[in-house]
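Visitor: Those protein sequences? They're chains A and B, same order as listed.
With the numbering used here applied, the first sequence covers 11 to 473.
With the numbering used here applied, the second sequence covers 11 to 473.
The C-beta atom is built at its ideal place from N, Cα and C for all residues, glycine as well.
Note that the coordinates shown come from a computational prediction; the quantities given were computed from them, not determined experimentally.
2 protein chains.
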Amino acid sequence: MLQKKIINDLKKIVGKSNVLTGREDLASYSYDGTATQVHEPDVVVFPTTAQEISDILKLANDERVPVTPRGAGTNVSGGSIPIKGGIVLCTTKMNKILEINKANLLAIVEPGVVLQDFNLTLAQEGLFFPPDPQSFLGCTMGGVVSENAGGPYCVKYGVTKQYVLGLEVVLADGHIMKIGGLTPKNRTGYELCMLFTGAEGTLGVISKITVRLLPMPPATKTMMAVFDKADVAVEAISHILASGVVPSKIEFVDNFVIRRIEETTPMGLPLEAKVLLLLQADGSPTAVEADTQQILDLLKKHGAQEARAAKDDAEAAMFWKARSAGFAAVFGAAHTVLAEDVAVPRDKLSEFVRRLDEISEKSGFFIQYLGHAGDGNLHPSIFTDIRNKEEFARAEETMAEIFEAAMKVGGVLSGEHGIGLEKQRFLKRAMDPRAIDIMKGIKKILDPNNIINPGKIWEEATT
Amino acid sequence: MLQKKIINDLKKIVGKSNVLTGREDLASYSYDGTATQVHEPDVVVFPTTAQEISDILKLANDERVPVTPRGAGTNVSGGSIPIKGGIVLCTTKMNKILEINKANLLAIVEPGVVLQDFNLTLAQEGLFFPPDPQSFLGCTMGGVVSENAGGPYCVKYGVTKQYVLGLEVVLADGHIMKIGGLTPKNRTGYELCMLFTGAEGTLGVISKITVRLLPMPPATKTMMAVFDKADVAVEAISHILASGVVPSKIEFVDNFVIRRIEETTPMGLPLEAKVLLLLQADGSPTAVEADTQQILDLLKKHGAQEARAAKDDAEAAMFWKARSAGFAAVFGAAHTVLAEDVAVPRDKLSEFVRRLDEISEKSGFFIQYLGHAGDGNLHPSIFTDIRNKEEFARAEETMAEIFEAAMKVGGVLSGEHGIGLEKQRFLKRAMDPRAIDIMKGIKKILDPNNIINPGKIWEEATT
Numbered sequence: 011m012l013q014k015k016i017i018n019d020l021k022k023i024v025g026k027s028n029v030l031t032g033r034e035d036l037a038s039y040s041y042d043g044t045a046t047q048v049h050e051p052d053v054v055v056f057p058t059t060a061q062e063i064s065d066i067l068k069l070a071n072d073e074r075v076p077v078t079p080r081g082a083g084t085n086v087s088g089g090s091i092p093i094k095g096g097i098v099l100c101t102t103k104m105n106k107i108l109e110i111n112k113a114n115l116l117a118i119v120e121p122g123v124v125l126q127d128f129n130l131t132l133a134q135e136g137l138f139f140p141p142d143p144q145s146f147l148g149c150t151m152g153g154v155v156s157e158n159a160g161g162p163y164c165v166k167y168g169v170t171k172q173y174v175l176g177l178e179v180v181l182a183d184g185h186i187m188k189i190g191g192l193t194p195k196n197r198t199g200y201e202l203c204m205l206f207t208g209a210e211g212t213l214g215v216i217s218k219i220t221v222r223l224l225p226m227p228p229a230t231k232t233m234m235a236v237f238d239k240a241d242v243a244v245e246a247i248s249h250i251l252a253s254g255v256v257p258s259k260i261e262f263v264d265n266f267v268i269r270r271i272e273e274t275t276p277m278g279l280p281l282e283a284k285v286l287l288l289l290q291a292d293g294s295p296t297a298v299e300a301d302t303q304q305i306l307d308l309l310k311k312h313g314a315q316e317a318r319a320a321k322d323d324a325e326a327a328m329f330w331k332a333r334s335a336g337f338a339a340v341f342g343a344a345h346t347v348l349a350e351d352v353a354v355p356r357d358k359l360s361e362f363v364r365r366l367d368e369i370s371e372k373s374g375f376f377i378q379y380l381g382h383a384g385d386g387n388l389h390p391s392i393f394t395d396i397r398n399k400e401e402f403a404r405a406e407e408t409m410a411e412i413f414e415a416a417m418k419v420g421g422v423l424s425g426e427h428g429i430g431l432e433k434q435r436f437l438k439r440a441m442d443p444r445a446i447d448i449m450k451g452i453k454k455i456l457d458p459n460n461i462i463n464p465g466k467i468w469e470e471a472t473t
Numbered sequence: 011m012l013q014k015k016i017i018n019d020l021k022k023i024v025g026k027s028n029v030l031t032g033r034e035d036l037a038s039y040s041y042d043g044t045a046t047q048v049h050e051p052d053v054v055v056f057p058t059t060a061q062e063i064s065d066i067l068k069l070a071n072d073e074r075v076p077v078t079p080r081g082a083g084t085n086v087s088g089g090s091i092p093i094k095g096g097i098v099l100c101t102t103k104m105n106k107i108l109e110i111n112k113a114n115l116l117a118i119v120e121p122g123v124v125l126q127d128f129n130l131t132l133a134q135e136g137l138f139f140p141p142d143p144q145s146f147l148g149c150t151m152g153g154v155v156s157e158n159a160g161g162p163y164c165v166k167y168g169v170t171k172q173y174v175l176g177l178e179v180v181l182a183d184g185h186i187m188k189i190g191g192l193t194p195k196n197r198t199g200y201e202l203c204m205l206f207t208g209a210e211g212t213l214g215v216i217s218k219i220t221v222r223l224l225p226m227p228p229a230t231k232t233m234m235a236v237f238d239k240a241d242v243a244v245e246a247i248s249h250i251l252a253s254g255v256v257p258s259k260i261e262f263v264d265n266f267v268i269r270r271i272e273e274t275t276p277m278g279l280p281l282e283a284k285v286l287l288l289l290q291a292d293g294s295p296t297a298v299e300a301d302t303q304q305i306l307d308l309l310k311k312h313g314a315q316e317a318r319a320a321k322d323d324a325e326a327a328m329f330w331k332a333r334s335a336g337f338a339a340v341f342g343a344a345h346t347v348l349a350e351d352v353a354v355p356r357d358k359l360s361e362f363v364r365r366l367d368e369i370s371e372k373s374g375f376f377i378q379y380l381g382h383a384g385d386g387n388l389h390p391s392i393f394t395d396i397r398n399k400e401e402f403a404r405a406e407e408t409m410a411e412i413f414e415a416a417m418k419v420g421g422v423l424s425g426e427h428g429i430g431l432e433k434q435r436f437l438k439r440a441m442d443p444r445a446i447d448i449m450k451g452i453k454k455i456l457d458p459n460n461i462i463n464p465g466k467i468w469e470e471a472t473t
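Take a look at the structure:
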């Protein structure tokens with residue numbers, strides 16, 4: 011338990027109304043989007059300025075109190091769970107879009123800006139920030155940067171790190187540091203912005219973000235394709251990409267999700283489809299027409315039973331709504347859903363999905379998967395119940411086999427979600443131990459007392 | 011002078027023919043593309059494998075011998091000059107393209123692969139690696155990554171860091187470390203690949219590089235526009251970008267360069283043009299037609315005296331040849347050319363070029379500039395003679411004023427060239443001192459004995 015004095019000092023910094031210590035409040039901030047981990051903080055604070063973040067960190071650093079930065083808590087690897095208790099520093103009240111500059115194609119935002127709010131505002135200016143994690147309705151820009159978020163658009167537009175130009179970061183001792191800048195080219199020293207991007211909030215608290223934007227593509231076209239085999243579907247994707255056309259989205263939905271969606275919110279999806287690929291082309295209207303034709307031809311040539319463009323905007327919207335509903339459909343399917351996000355080289359996807367079938371058969375667990383097939387990034391899920399210890403342990407072991415299978419074909423432990431708490435025990439297998447030591451060394455430079463989001467990414471030495 | 015024993019050990023590692031110690035050899039490796047710095051190494055070695063690099067570094071680390079990694083030596087901030095003597099580790103014999111994978115849109119190369127060779131090979135597959143520094147004919151991929159190289163294409167396609175997926179790096183103690191991977195999405199720990207990208211060869215020696223590729227755009231169109239005022243020309247660029255079209259190149263050439271090119275290799279450039287903008291659109295043929303029309307309309311609307319598409323491929327090639335010849339024209343114009351590469355926010359370019367005129371008038375130095383106007387990245391040059399100490403000192407002070415002017419409008423010290431030796435004394439002004447300390451801390455973790463490219467980026471403490 012935190013000393014009363016520290017709570018009072020926090021109230022002095024951010025004001026009484028921005029400090030929560032009630033039982034329900036602490037419970038509310040004890041979890042994030044991750045299924046398997048829960049831990050209550052001692053206090054939740056809502057700073058509204060970088061200076062307040064600085065004062066909070068100074069206090070926490072002096073008193074050696076853990077601070078877990080948090081936006082909307084949509085993290086799915088446990089990154090925003092205050093596993094060591096202490097302070098949850100919630101940035102949701104720092105939600106101002108400070109600048110949208112069309113000539114410079116950039117925006118400056120506070121960390122608590124919700125991604126969807128940001129994109130709706132940008133759309134009014136004909137602008138667009140591509141990363142689109144499934145949590146876009148709630149997730150905040152601080153989290154988007156800290157997790158180096160991806161999403162469907164990344165197959166064409168890359169991930170968040172490709173858009174970060176500058177950051178203001180508050181360091182563990184309260185120092186407010188500006189790095190990067192406003193220009194797309196900046197060769198002043200090491201790429202420190204890239205170090206904080208994807209650091210899962212372990213190196214400092216991001217208090218301001220400058221991102222590069224793109225003009226909104228003038229036209230888009232949605233396509234769907236039905237396949238009766240998963241490996242054939244993912245091979246078709248390789249053929250599309252090798253042909254020189256880059257769709258803006260290539261998403262994979264399996265039969266489980268199709269049926270589940272149709273049960274809950276019927277949309278008229280093809281119930282019999284083993285696999286549904288959803289694709290989008292974007293660009294100038296004429297380019298989109300040409301790309302759409304090329305993509306549909308390739309889908310048919312490479313094994314699609316059906317491949318067609320959406321009839322109209324309404325059907326296109328329905329397809330993407332179905333895709334978005336996919337995760338909800340999966341997460342509602344069992345008491346505990348172990349959902350992971352391995353990524354494999356695209357040309358190994360077919361081998362990998364065949365291996366998933368083998369693992370499923372051997373383990374007896376049904377393995378559901380959907381995801382960003384265009385990036386080789388799948389989200390395999392196992393349905394289990396954490397209250398059944400024996401089964402849950404077997405489910406975890408089965409997930410470990412999935413990680414192994416991904417890495418065996420040159421893939422990675424996480425395409426989007428980060429390591430957080432959930433994948434720590436696999437990190438040594440996935441990274442050179444020396445690289446882990448380098449990360450620890452960097453953490454030590456920036457946060458010598460280990461107060462910022464402690465206990466994340468790598469396993470702590472057991473003493 | 012290096013002990014004879016160390017030279018002999020190096021010969022054992024890489025073979026006698028891969029060790030140079032002759033007087034002319036050492037002189038040849040005493041400089042790079044930078045005008046103002048020269049320092050001879052004691053020995054030049056050419057490893058052909060990561061293991062040889064490892065053995066060289068182990069030896070150097072044990073004996074505390076400085077090692078300066080070097081590719082083609084086209085660096086223009088002094089990054090590849092062996093300022094502390096010791097070993098130049100030249101990667102030019104590690105020049106194999108190891109893999110080009112069309113379905114995965116990636117390539118794996120050794121560090122000594124020449125950028126132009128790489129792109130010619132990719133072109134045969136309809137693929138394309140966008141970063142295109144002016145040194146493309148000679149520069150090597152190790153240098154491209156280590157300097158996080160830019161170029162004209164970056165206005166649309168971003169800089170090198172947007173393309174690095176994975177690296178093999180040899181650390182100071184000889185450990186060969188693999189980081190990153192093959193997938194466009196990879197959230198395994200901190201972005202260590204991004205730390206070595208742009209580190210100017212100070213953190214390790216890159217021995218293998220995996221980069222993301224793009225399909226080659228099926229069509230391109232070159233445009234030219236003539237302006238009678240520089241500030242009007244750069245304002246037109248802001249209007250183009252704010253309109254939602256993103257040209258693949260927007261280059262700025264001034265009258266000095268036009269005249270100079272016409273003197274040496276007459277091409278029929280408009281001699282009277284105060285400013286020539288060269289632009290390119292790329293994409294599908296129809297999109298390119300539409301973009302070209304929109305760009306030309308905007309150029310005319312916003313002050314161009316003339317704006318037109320290149321008549322044919324030959325004229326387009328001539329324009330880009332002129333642009334490429336620009337640097338040569340500038341560098342041949344005086345005994346010593348101080349050429350810098352500040353970048354400013356695009357909407358501040360007009361203010362900045364007016365300030366350049368004022369600085370020129372006040373200092374008495376003619377300030378020539380050309381560059382990547384689409385990125386706000388200009389290369390202002392001052393013509394002087396390093397042998398005339400008084401004038402050279404004034405030229406350096408004038409360049410310092412240009413840096414100040416860039417930073418005053420939110421710009422940066424270097425858009426492309428890095429800090430190296432040339433801009434060290436300005437670093438404190440351009441970066442938070444705390445950020446410099448963090449860089450030093452990271453350097454200390456990776457290279458505790460300071461043997462890899464010592465003396466670069468930040469000024470050493472004077473004792």
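Determine the DSSP secondary structure at tyrosine 167/B, reduced to helix, strand or coil.
Guide: In this structure, tyrosine 167/B counts as helix in the three-state DSSP scheme.
Visitor: Would you check if the distance between the CB atom of cysteine 164/B and the CB atom of histidine 427/B is smaller than 8 Å?
Guide: Contact flag unset, no.
Visitor: Taking DSSP as the reference, what is the three-state secondary structure of valine 267/A?
Guide: It is helical.
Visitor: Starting from phenylalanine 237/B, trace the beta strand (DSSP E) in both directions and tell me its first and last residue.
Guide: Run containing phenylalanine 237/B: 229-237, per the beta strand (DSSP E) assignment.
Visitor: Rounded to whole angstroms, how far is the Cβ of valine 363/B from the Cβ of glycine 420/B, which I believe are closer than 8 Å?
Guide: About 15 Å separates the two Cβ atoms, so there is no contact after all.
Visitor: Quick one: is valine 48/B buried, meaning 16 or more other Cβ sit within 10 Å of its Cβ, or exposed?
Guide: Exposed, since its Cβ has fewer than 16 Cβ neighbours within 10 Å.
Visitor: Taking 8 Å as the threshold (beta carbon to beta carbon), is asparagine 71/B in contact with chain A?
Guide: Asparagine 71/B does not count as touching chain A.
Visitor: Using three-state DSSP, classify aspartate 447/B as helix, strand or coil.
Guide: Helix at aspartate 447/B.
Visitor: What whole-angstrom Cβ distance do glutamine 315/B and phenylalanine 237/B have, given they're in contact under 8 Å?
Guide: Indeed they touch by this definition, with Cβ atoms about 7 Å apart.
Visitor: Could you confirm whether any beta carbon from chain B is found closer than 8 Å to the beta carbon of proline 458/A?
Guide: No, its Cβ sits nowhere closer than 8 Å to a Cβ of chain B.
Visitor: Would a check of beta-carbon distances place lysine 188/B closer than 8 Å to chain A?
Guide: With 8 Å as the cut-off, lysine 188/B counts as an interface residue toward chain A.
Visitor: Give the DSSP-derived three-state secondary structure of isoleucine 23/B in the structure shown.
Guide: Three-state result, isoleucine 23/B: helix.
Visitor: How would you list, in chain order, the residues of chain A whose beta-carbon sits under 7 Å from the beta-carbon of tyrosine 5/B?
Guide: Residue 5/B lies beyond the residue range present for chain B, which begins at 11 and ends at 473; the question has no answer from this structure.
Visitor: Whose CA, out of Ser424/A, Lys453/A, Asp301/A, lies closest to the CA of methionine 441/A?
Guide: Among Ser424/A, Lys453/A, Asp301/A, the Cα nearest to that of methionine 441/A is on Ser424/A.
Visitor: Locate the alpha helix (DSSP H) running through glutamine 303/A, then write down its first and last residues.
Guide: Run containing glutamine 303/A: 295-311, per the alpha helix (DSSP H) assignment.
Visitor: Indicate the three-state DSSP secondary structure (helix, strand or coil) for histidine 427/A in the structure shown.
Guide: Of the three classes helix, strand and coil, the one that applies to histidine 427/A here is coil, per DSSP.
Visitor: Does chain A have any CB closer than 8 Å to the CB of lysine 112/B?
Guide: Answer yes: the Cβ-Cβ gap between lysine 112/B and chain A drops below 8 Å somewhere.
Visitor: At which residue ranges does the segment 41-94 of chain A contain complete beta strand (DSSP E) runs of 3 or more residues, listed in the order of the chain?
Guide: Runs of the beta strand (DSSP E) inside the segment 41-94 of chain A: 53-55, 77-80.
Visitor: Excluding the five sequence neighbours on either side, which residues of its own chain have a C-beta within less than 7 Å of the C-beta of leucine 108/B, listed in chain order?
Guide: Closer than 7 Å at Cβ, skipping near neighbours: Ile118, Val119, Glu120.
Visitor: Nearest to methionine 409/B by alpha carbon, out of Leu456/B, Glu361/B, Val352/B, Ser360/B?
Guide: Methionine 409/B has its Cα closest to that of Val352/B, out of Leu456/B, Glu361/B, Val352/B, Ser360/B.
Visitor: Is it true that the CB of methionine 204/B sits closer than 8 Å to the CB of methionine 204/A?
Guide: Yes, Cβ-Cβ distance for methionine 204/A and methionine 204/B is below 8 Å.
Visitor: Excluding sequence positions up to five away, which residues of its chain have a Cβ less than 8 Å from the Cβ of threonine 473/B?
Guide: The pLDDT assigned to threonine 473/B is 46, lower than 50, so where the model puts this residue is not dependable, and the model offers no usable value.
Visitor: If you compare alpha carbons, which of Asp457/A, Thr198/A, Glu432/A, Thr394/A is closest to leucine 437/B?
Guide: Looking at the Cα atoms, Thr198/A is the closest of the given residues.
Visitor: Have a look at the DSSP bridge pairing and note the partners of glutamine 126/B.
Guide: According to DSSP, which records beta bridges pairwise, glutamine 126/B is partnered with nothing at all.
Visitor: Is the beta carbon of glycine 152/B less than 8 Å from the beta carbon of lysine 466/B?
Guide: Result no, Cβ atoms of glycine 152/B and lysine 466/B do not sit closer than 8 Å.
Visitor: Quick check on this structure: which residue in Lys218/B, Ile93/B, Val256/B, Lys188/B has the alpha carbon closest to the alpha carbon of tyrosine 167/B?
Guide: Closest by alpha carbon: Val256/B.
Visitor: Buried or exposed for serine 27/B, please, with buried defined as at least 16 other CB atoms from any protein chain shown within 10 angstroms of its CB.
Guide: Exposed, because fewer than 16 other Cβ atoms sit within 10 Å of the Cβ of serine 27/B.
Visitor: For isoleucine 429/B and proline 458/B, I'd like the C-alpha separation in whole angstroms.
Guide: If I take the Cα positions, the gap works out to 21 Å.
Visitor: Using only CA atoms, which one of Glu470/B, Ala471/B, Met449/B, Ile91/B lies nearest to phenylalanine 206/B?
Guide: When only C-alpha atoms are compared, the closest one is Met449/B.
Visitor: Between which two residues does the alpha helix (DSSP H) carrying lysine 399/B extend?
Guide: Where lysine 399/B is concerned, the enclosing alpha helix (DSSP H) stretches over 399-418.
Visitor: Could you name the residues of the same chain whose beta carbon sits closer than 6 Å to that of asparagine 387/B, not counting the 5 residues immediately before and after it, in chain order?
Guide: Excluding residues within five positions, the ones whose Cβ falls inside 6 Å are Ala353, Gly381, Gly425.
Visitor: In the DSSP assignment, find the beta strand (DSSP E) that holds cysteine 100/B and state where it starts and stops.
Guide: Its beta strand (DSSP E) spans residues 97-100.
Visitor: Using only the alpha-carbon positions, how far apart do lysine 68/A and aspartate 52/A sit?
Guide: Using only the alpha carbons, I get a separation of about 17 Å.
Visitor: Using a 10 Å radius around the Cβ and a threshold of 16 neighbouring Cβ atoms, would you call leucine 130/A buried or exposed?
Guide: Exposed, since its Cβ has fewer than 16 Cβ neighbours within 10 Å.
Visitor: Output the distance between the C-alpha atoms of lysine 372/B and glutamate 414/B, rounded to the nearest integer angstrom.
Guide: Those two C-alpha atoms are separated by around 15 Å.
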